[in-house]
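Numbering (UniProt numbering), first residue to last: 1 to 553.
Printed below as a string of structure tokens:
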């Protein structure tokens, strides 16, 4: 890597899966921004969480100055409990993100080893040649920050996730004056959130949602109300609490992450005016028309509070016909089916369901096209690098940037090495990257044999064949064949017997050398069953052969 150039390398966040891990390189030293996870996707059976493969920076961890977090969303810090042991670098974050991260790390066995440095809002600090300033923004979480990164080769603004909201309900307004001052100083490159680039106009305000929630709850005078929202959206939680109190209801929290986030917020000075939140048990003792529940599970997560309430197996909370559930959140793409299943389950039980399609009770935390155009006007960058979106989002924001007279645009993908300065911005090389899957308690690559075989089994089934041969290569007894995912009808035993006979015939056709060669025998067994299965079942199952050799007296 060239030492006298300012480099930007996205390892996650510039592709089809929404997670974030970004690197800035200068003078053979590296600065990392965010380290996030995303939900598992279709085609990854058994995988709940995926994250960027950090191998590139892991190989250079002695040159890694630190990890700076823009905010506390899972797609920006959720990979730390899994990947930090590979890097063991210091972490820098504003108070809420630091407190939230500490709570997450209590579930690991290395929590006391992680050096977390709290950085005050708006503060400025140095890591090597990188002079970093936190720029307060607004988003659907507390304390989101853009980063002004000053280097000997120019100033970069890394926006993180953001929007312009001058009525955020909690926290401070975005520091527009600072953004404009950075534009006056001279921004070489803007690395910018692309999530809502297809949304015209400005993103709405949390203040609007707060007022609409009061109106909505006032129209529901009877029955319990349960509101599902993102646990990390503390402003929304506060708005729901205030709307509940305004309409004569007390509030209870339901869901582990909901309680964890609110506790972290209280520890750093937020939500301190709401000490009397009820427990699950106490909420069930309050008259129905005087209680409101704030629940996790707005995305249909099967183990979250709302899913369990819908199924009727929550340990304490019950909803009855005539009660109301409000979904105050957007549907993350890919979660539509699980959300729809929960909503349909509630409706079948006679529970009223209200979503953001029915009432104006949600706004995004990301910038619309008008907000993006304003960001370009404030910062006046020479270079725009769109990130945090699918390829179609990145390309669209690059097009918008050109319309707004940004001189240069570079569209990245994960693993591209972009030279930001000196000279014209360009992709100068690519590095190996990829996606890691959390499979139980281990991390495996998305393109591993484990994942490939799991998909093959899911679509085509699996067959296990056990054959025992003696020292002469003769079968001892009949082959044992099981194929639970292929054969389960009454006459399937007849087909399995035919497969066993075909295996015996194929082994008999091997010559003296082949029958003593394990690999040749295993290949013959696979060939004996593969074609008949394809002909009869139309399937190409994974065929696992267990070959045993015994010595007979």
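For every residue, glycine included, the Cβ atom is placed at its ideal position computed from N, Cα and C.
CA-CA distance, residue 328 to residue 394, rounds to 27 angstroms. A contact between stretches requires three or more CB pairs, one per stretch, nearer than 8 angstroms, and the segment 376-393 meets this requirement with the segment 401-413. Spanning the alpha carbons of residue 226 and residue 311 requires a straight line of approximately 14 angstroms. When secondary structure is reduced to three states using DSSP, residue 476 falls in the coil class, being assigned neither helix nor strand. Where residue 458 is concerned, there is no enclosing beta strand (DSSP E), although the alpha helix (DSSP H) around it starts and stops at 449-460. For residue 98, the closest C-alpha among the options 83, 132, 121 and 86 is that of 121.
Taken through DSSP and simplified to helix, strand or coil, residue 485 comes out as coil.
Approximately 6 angstroms separates the beta-carbon atoms of residue 182 and residue 157; this is inside 8 angstroms, confirming the contact. In this structure, residue 465 lies away from residue 484, with their beta-carbon atoms at least 7 angstroms apart. Put simply, the backbone Cα of residue 450 is about 12 angstroms away from that of residue 458. Ranked by Cα distance from residue 526, the first of 11, 550, 549 and 481 is 481.
One Cα belongs to residue 528, the other to residue 40, and the distance between them is close to 37 angstroms. Here residue 246 is not near residue 220, since their CB atoms are 7 angstroms or more apart.
Minimum Cα-Cα distance from residue 316 among the listed residues 279, 48, 230 and 102 corresponds to 279. In summary, residue 236 is buried, with 16 or more beta-carbon neighbours lying within 10 Å of its beta-carbon over all protein chains present.
The distance from the Cβ of residue 196 to that of residue 368 is about 5 angstroms, consistent with a contact at the 8 angstroms cut-off.
Spanning the alpha carbons of residue 392 and residue 277 requires a straight line of approximately 43 angstroms.
For residue 92, the beta-bridge partners assigned by DSSP are 68 and 117. In the structure shown, the three-state DSSP call for residue 22 is strand. Residue pairing by DSSP puts residue 442 in a beta bridge opposite 439.
Counting only runs of at least 4 residues, the segment 233-305 fully encloses the following alpha helix (DSSP H) elements, listed from N- to C-terminal order: 234-246, 256-267 and 280-283.
The Cβ-Cβ distance between residue 35 and residue 23 does not fall below 7 angstroms. In the structure shown, residue 413 falls within a coil segment according to DSSP collapsed to helix, strand and coil. A distance below 7 angstroms separates the beta carbons of residue 155 and residue 188.
Pairing residue 462 with residue 412 gives a Cβ-Cβ distance that is not under 7 angstroms.
Residue 187 is not bridged by DSSP to any residue. Looking from the CA of residue 82, the closest CA among 233, 331 and 444 belongs to 444.
Distances from the CA of residue 354 to each of 229, 114, 539 and 535 were compared; the closest alpha carbon is that of 229. Inter-segment contact for the segment 292-299 and the segment 191-207 is absent: fewer than three beta-carbon pairs are separated by less than 8 angstroms.
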